[in-house]
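Convert by adding 546 to the 1-based position in the sequence shown; the result is the number in this note's numbering. All residues carry an ideal CB built from backbone N, CA and C; glycine is no exception. Below: the structure, in structure tokens.
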Amino acid sequence: MSEWDADAPESRFLRLLSEYRIFTPATDTMRGLHPDPMQRDPIGLSGGQLPEAFDEMWRDFSEERREELEEHFRAMFDWVKEVRAAPALGLPLSRSVSTTQNVFKSVDRFMNAKRNTLTGCDASEGALHVIFATVL
547 MSEWDADAPE SRFLRLLSEY RIFTPATDTM RGLHPDPMQR DPIGLSGGQL
597 PEAFDEMWRD FSEERREELE EHFRAMFDWV KEVRAAPALG LPLSRSVSTT
647 QNVFKSVDRF MNAKRNTLTG CDASEGALHV IFATVL
């Protein structure tokens with residue numbers, strides 16, 4: 547590339563191509579059980595830092611856009627009352643499970659209110675993939 551002029555079409559194409567990414571979401575990475583070996587901003591190629599990316603997206607949305615997103619989630623997953631990113635501390639996680647600092651917290655609208663909070667470790671794989679696609 548050093549032989550080409552920086553403004554040459556070939557140089558521009560190679561710069562553009564260097565930003566190309568192929569995402570391959572991995573369930574354990576999206577759940578926060580394994581680190582993402584190819585971390586990018588805002589989300590890794592395997593889904594690393596998905597809760598943080600979701601939280602950032604959520605905070606940037608207007609209240610109207612948040613409500614619309616929640617309606618879409620409920621249309622796909624009728625059990626969902628709420629999905630949020632939350633610190634792993636204080637959530638119902640087994641001590642034997644090593645996880646990232648932030649995980650997904652889902653509230654199931656059909657379960658007993660005392661036991662209706664689920665984490666990314668309990669979430670369905672489909673729900674994680676939908677969240678992954680939403681963040682992208």
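| field | Ranges of the beta strand (DSSP E) found wholly within the stretch 574 to 657, counting only runs of at least 3 | value | 626 to 633, 648 to 654
| said: Just list the residues that DSSP pairs L664 with in beta bridges. | reply: For the purposes of this step, residue 664 is taken as the residue at position 118 of the sequence shown. Note: L664 sits in a beta bridge opposite S652.
| query | For P597, which residues from the same chain have a beta carbon less than 6 Å from its beta carbon, with the 5 sequence-adjacent residues on both sides left out? | reply | One-based indexing of the sequence shown puts residue 597 at position 51. A631, N648, V649, F650.
| query | With G578 and T646 assumed to form a contact (beta carbons below 8 Å), what rounded beta-carbon distance in angstroms separates them? | reply | Along the sequence shown, one-based indexing puts residue 578 at 32. Along the sequence shown, one-based indexing puts residue 646 at 100. Contact flag correct, Cβ pair sits at about 4 Å.
| Can you give the Cα-Cα distance for P588 and D668, rounded to whole angstroms? | As a first step, residue 588 must be located in the sequence shown, where it is residue number 42. As a first step, residue 668 must be located in the sequence shown, where it is residue number 122. Computed Cα separation, rounded: 23 Å.
| request: Run the CB neighbour count on G590, radius 10 Å, all protein chains shown included, and call it buried at 16 or more, exposed below. | output: By 1-based counting over the sequence shown, the position of residue 590 is 44. Buried, by the Cβ-count rule.
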